[in-house]
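Data block below; observations after.
2 protein chains.
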Amino acid sequence: MLERGYAAVSSRRVAGEADLKPQLVHYYFRTMDDLFLAVLRRRAEESLERYGRALASDRPLRALWELTTDPRGAVFTMEFAALANHRKAIRAEIAAYAERVRRMQLDALARVLDGAGISEDDCPPVVALQAMTGIAQVIALEDTLGITTGHDETRAFVERLVDQLEDGAAA
Amino acid sequence: MLERGYAAVSSRRVAGEADLKPQLVHYYFRTMDDLFLAVLRRRAEESLERYGRALASDRPLRALWELTTDPRGAVFTMEFAALANHRKAIRAEIAAYAERVRRMQLDALARVLDGAGISEDDCPPVVALQAMTGIAQVIALEDTLGITTGHDETRAFVERLVDQLEDGAAA
DNA sequence: GTCTATATAATGATAGAC
DNA sequence: GTCTATCATTATATAGAC
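Protein chains in written order, with the working numbering: chain R, 1 to 171; chain P, 172 to 342.
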């Protein structure tokens with residue numbers, strides 16, 4: 001899926017990777033959609049744990065930024081977003097998972113902003129979160145496509161801002 | 172492509188939409204990749220013109236924001252991004268087109284920031300551009316997936332900022 | 001430019017033996 | 001749980017007549 005796109009994921013190829021017959025894929029998952037859902041769920045759980053650990057660290061913003069700019073995550077997200085675009089069950093699962101992650105992130109970010117003396121009126125935490133993760137996701141996606149203009153400057157800018165905020169929160 | 176994803180675009184289905192035989196699709200484009208490239212190029216040219224008009228208007232930032240948050244564009248971008256992920260020719264074409272758009276946007280944004288009295292040191296134009304378009308793209312994409320938390324607040328926040336900047340530029 | 005015909009390969013999925 | 005066998009369907013693409 002990551003290397004050749006979701007459309008290249010067939011029962012035959014999956015079976016080949018595992019040195020099994022294609023029929024076994026259908027035995028375990030029946031349809032290919034069931035397989036995609038299983039992959040999504042496993043990955044989502046892993047991702048939730050990873051974000052949980054990152055946000056519980058002593059520099060949660062920095063960890064959040066680094067996790068969200070990971071290009072491997074970007075490819076995965078893009079493939080599933082494309083898949084979700086025309087498969088209802090997958091779309092619902094992604095949305096539910098995304099909202100869970102966002103709530104976690106929001107709690108952590110609100111604490112940091114509060115600690116740095118930034119009020120709701122200055123910038124609501126939900127806006128700061130959307131900004132930070134949106135920028136991170138697009139940078140990661142663009143990197144995988146070979147679009148690089150402005151990335152270094154943006155990374156530097158955001159990372160300086162993040163460090164300022166977290167130093168403020170520590171003080 | 173927009174309704175069912177790029178993987179559902181076959182010579183049979185395309186021909187069916189046009190009430191033609193599938194072989195004619197191959198007559199005009201030979202391979203399906205040629206067809207995807209033709210679609211990409213046409214759409215890219217249209218998009219360049221649209222951005223050109225938007226950025227030449229009297230409120231270029233507002234126009235840029237509205238164009239980039241258009242959900243139709245998000246689906247298109249996502250499908251091609253997924254396609255590009257494992258087809259070299261398409262990836263190169265997307266990257267080249269994206270860099271052209273970015274240069275156009277950057278010129279317009281730099282003028283607005285300059286007019287509003289915001290220096291390179293405060294915020295480099297390329298960073299502001301990445302932030303604004305990144306946030307816009309992710310909001311548009313999430314909307315199509317049914318993820319909506321924080322969108323209203325973020326839209327309001329960005330739009331107020333944009334209006335402040337453009338009022339400052341006008342003054 | 002459009003047709004018929006066809007080559008070739010891959011697909012998802014099931015039935016039934018062991 | 002794994003196998004053999006198989007079905008119906010779809011896919012991309014080409015050849016050659018008109």
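For each residue, glycine too, the CB sits at the ideal point set by N, CA and C. The structure displayed is predicted, hence computed values, not measured ones.
Just how far apart, CA to CA, sit residue 159(R) and residue 77(R)? CA-CA distance, residue 159(R) to residue 77(R), rounds to 23 angstroms.
C-alpha gap between residue 129(R) and residue 193(P), whole angstroms: Roughly 48 angstroms separates the two Cα atoms.
Return the CA-CA distance between residue 92(R) and residue 39(R), expressed in angstroms with no decimal places. In a straight line, the C-alpha of residue 92(R) is about 15 angstroms away from that of residue 39(R).
Bounding residues of the alpha helix (DSSP H) (the contiguous stretch that carries residue 129(R)): Residue range 125-145 is occupied by the alpha helix (DSSP H) that includes residue 129(R).
Starting from the beta carbon of residue 175(P), find every residue of chain R whose beta carbon is closer than 7 angstroms, and list them in chain order. In chain order: 86.
List in chain order: all unbroken alpha helix (DSSP H) runs of 4+ residues lying wholly within the segment 40-102 of chain R. Counting whole runs of 4 or more residues, the segment 40-102 of chain R contains the alpha helix (DSSP H) stretches 60-68, 71-84.
Interface residues of chain P facing residue 15(R) [CB-CB closer than 7 angstroms]: Within 7 angstroms Cβ-Cβ: nothing; residue 15(R) doesn't reach chain P, min ~20 angstroms.
So, under 8 angstroms CB-CB, residue 297(P) and residue 150(R) are touching, yes? Tell me the CB distance rounded to an integer number of Å. Contact check for residue 297(P) and residue 150(R): beta-carbon distance about 4 angstroms, within the 8 angstroms limit, so the pair qualifies.
With 16 other Cβ atoms within 10 Å as the buried cut-off, status of residue 12(R): Using a 10 angstroms sphere on the CB of residue 12(R), the tally of other CB atoms stays under 16, which defines it as exposed.
In three-state terms, what does DSSP make of residue 149(R)? Under the three-state reduction of DSSP output, residue 149(R) falls in the coil class, being neither helix nor strand.
From this set, 6(R), 114(R), 157(R), which residue's C-alpha is nearest residue 135(R)'s C-alpha? Proximity to residue 135(R) across 6(R), 114(R), 157(R) peaks at 157(R), based on C-alpha coordinates.
If you drop the 5 nearest sequence neighbours on each side, which residues of the same chain put their C-beta closer than 8 angstroms to that of residue 238(P)? Close CB contacts of residue 238(P) within its chain, under the 8 angstroms cut and outside five residues either way in sequence, are with 221, 222, 225, 244 (chain order).
Taking 8 angstroms as the threshold (C-beta atoms), are residue 271(P) and residue 219(P) in contact? In this structure, residue 271(P) lies closer than 8 angstroms to residue 219(P) by Cβ.
Mark residue 308(P) as exposed unless 16 or more other C-beta atoms lie within 10 angstroms of its C-beta, in which case mark it buried. So residue 308(P) counts as buried.
Alpha-carbon to alpha-carbon, residue 61(R) and residue 105(R): Those two C-alpha atoms are separated by around 9 angstroms.
Could you check whether residue 287(P) and residue 336(P) sit closer than 8 angstroms to each other, using their CB atoms as the reference points? Taking C-beta atoms as the reference points, residue 336(P) and residue 287(P) count as a pair closer than 8 angstroms.
Count the other C-beta atoms from every protein chain shown that fall within 10 angstroms of the C-beta of residue 177(P), then say buried if there are 16 or more, exposed otherwise. Classification of residue 177(P): buried, given that the 10 Å Cβ count is 16 or more.
Test item: CB-CB of residue 86(R) and residue 174(P) under 8 angstroms: Taking C-beta atoms as the reference points, residue 86(R) and residue 174(P) count as a pair closer than 8 angstroms.
Taking the C-alpha atoms as reference points, what is the distance between residue 199(P) and residue 8(R)? Distance between the alpha carbons of residue 199(P) and residue 8(R): 25 angstroms.
Any Cβ of chain P within less than 8 angstroms of the Cβ of residue 104(R)? No, because no Cβ of chain P sits closer than 8 angstroms to the Cβ of residue 104(R).
Supposed close pair residue 140(R), residue 71(R) - CB separation, criterion 8 angstroms: Between the beta-carbon of residue 140(R) and that of residue 71(R) there is about 5 angstroms, and that keeps the pair under the 8 angstroms contact cut.
At the level of alpha carbons, what is the spacing between residue 19(R) and residue 10(R)? Here the alpha carbons of residue 10(R) and residue 19(R) stand approximately 14 angstroms from one another.
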